[in-house]
Amino acid sequence: DGGITQSPKYLFRKEGQNVTLSCEQNLNHDAMYWYRQDPGQGLRLIYYSQIVNDFQKGDIAEGYSVSREKKESFPLTVTSAQKNPTAFYLCASIGTRAPEAFFGQGTRLTVV
Amino acid sequence: GEDVEQSLFLSVREGDSSVINCTYTDSSSTYLYWYKQEPGAGLQLLTYIFSNMDMKQDQRLTVLLNKKDKHLSLRIADTQTGDSAIYFCAESLRGGKLIFGQGTELSVKP
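Chains as they are written, first to last, in this note's numbering: chain S, 3 to 114; chain E, 1491 to 1600.
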C-alpha cells in the first residue's frame, strides 16, 4: 500500500537532547513538508522540500533542521535550541501529477 | 505576507447544513484545500479546488471560491455526528509552499 509513514507515534526526550523524527513515503512524491501543531494554533510550517538535496525554511524553522538525501525520506531534527519543542508533528507529501497532499499520522513529542 | 484565517468554532444540529469559512491573503495560490482532523490523528483530505474554479461539488460537500474576495467556504449538507472534527483550510502557493489556517472545530449536536 502506498502511503506516508511517521515514526515513532510517541516520543519522550529529556530537555537539552536533540531528537530526530522520521518521515518516509513510497508515493514517489517530490515535495515533502513538516508542520508543528499546537492546540488552537493550527498547523505551522517548519520546513519543506521540493526536490532531493534542496529544502526551504517555513515560518518557524528556528531550532529545527532537516535533510533530503533521498526522495522517500525527509527526517526532522528537533535541536536543543528549540525553546518549546513539546508538540504534535505532522509530515506531508505532494506529487507532481496530482495536487493532493497526503499526511502521516503524526508524532507526539514530549520533552521533560 | 501569507496568511489563512478561519473562525475557531462552529456548532450545528444533526441534519442541518454546516458552512465553514476561510479567508486568505496571498493571491498566487494554485490550489485550495479542505482537510478534516479527528482527535489524535493526522489530516484527511476532503476535497480541493483549483484556483481558477468557482465551485466544486462532491457528494455532501460543496466548495465555493470567491477569488476576488479571497474567500473559500466548505458546505457540508445533512451534517452527521460523525462529521464532528476540526476542519482545516489550506492554500498551495507558487514555489511549493503549503500553508494552513488555524482550523475550525465543528460540533454536531443530536
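Ideal Cβ placement from N, Cα and C applies to all residues, glycine included. All figures in this text were calculated on a predicted structure; none of them were measured in a lab.
**Item:** Helix, strand or coil at Asp56 of chain S according to DSSP, with G and I counted as helix
**Value:** strand
**Nearest-angstrom Cα separation, counted from Asp1506 of chain E out to Lys72 of chain S** = 47 Å
**Prompt:** Since Gln43 of chain S meets chain E, which of its residues come closer than 8 Å, beta carbon to beta carbon?
**Reply:** Gln1592
**Message:** Alpha carbons only, please: which of E:Val1598, E:Ala1531, E:Asp1516, E:Gln1570 is nearest the one belonging to Glu1581 of chain E?
**Reply:** E:Asp1516
**Request:** Report yes or no: do three or more beta-carbon pairs, one from the stretch 1549 to 1566 of chain E and one from the stretch 1582 to 1589 of chain E, lie closer than 8 Å?
**Result:** no
**Asked** Does the separation of the CB atoms of Ile1576 of chain E and Thr1594 of chain E fall below 9 Å?
**Response** yes
**Message:** Suppose contacts are defined by Cβ-Cβ distances below 9 Å. Is Thr79 of chain S in contact with Tyr91 of chain S by that definition?
**Reply:** no
**Request:** With DSSP collapsed to three states, give me the class of Thr1571 of chain E.
**Result:** helix
**Asked** Under three-state DSSP, which class holds Met34 of chain S?
**Response** strand
**Asked** Would you call the CB atoms of Leu47 of chain S and Tyr35 of chain S closer than 9 Å?
**Response** yes
**Prompt:** In angstroms, rounded to a whole number, what distance separates the CA positions of Tyr66 of chain S and Phe76 of chain S?
**Reply:** 13 Å
**Request:** Indicate the three-state DSSP secondary structure (helix, strand or coil) for Lys1587 of chain E in the structure shown.
**Result:** coil
**Message:** Do Glu26 of chain S and Glu102 of chain S have their beta-carbon atoms positioned less than 9 Å apart in this structure?
**Reply:** no
**Message:** Report the CB separation of Thr1513 of chain E from Glu1495 of chain E in whole angstroms; it is logged as a contact under 8 Å.
**Reply:** 5 Å
**Asked** How about Gln52 of chain S: is its C-beta nearer than 9 Å to some C-beta of chain E?
**Response** yes
**Item:** CB of Val1553 of chain E within 9 Å of CB of Thr1537 of chain E, strictly
**Value:** yes
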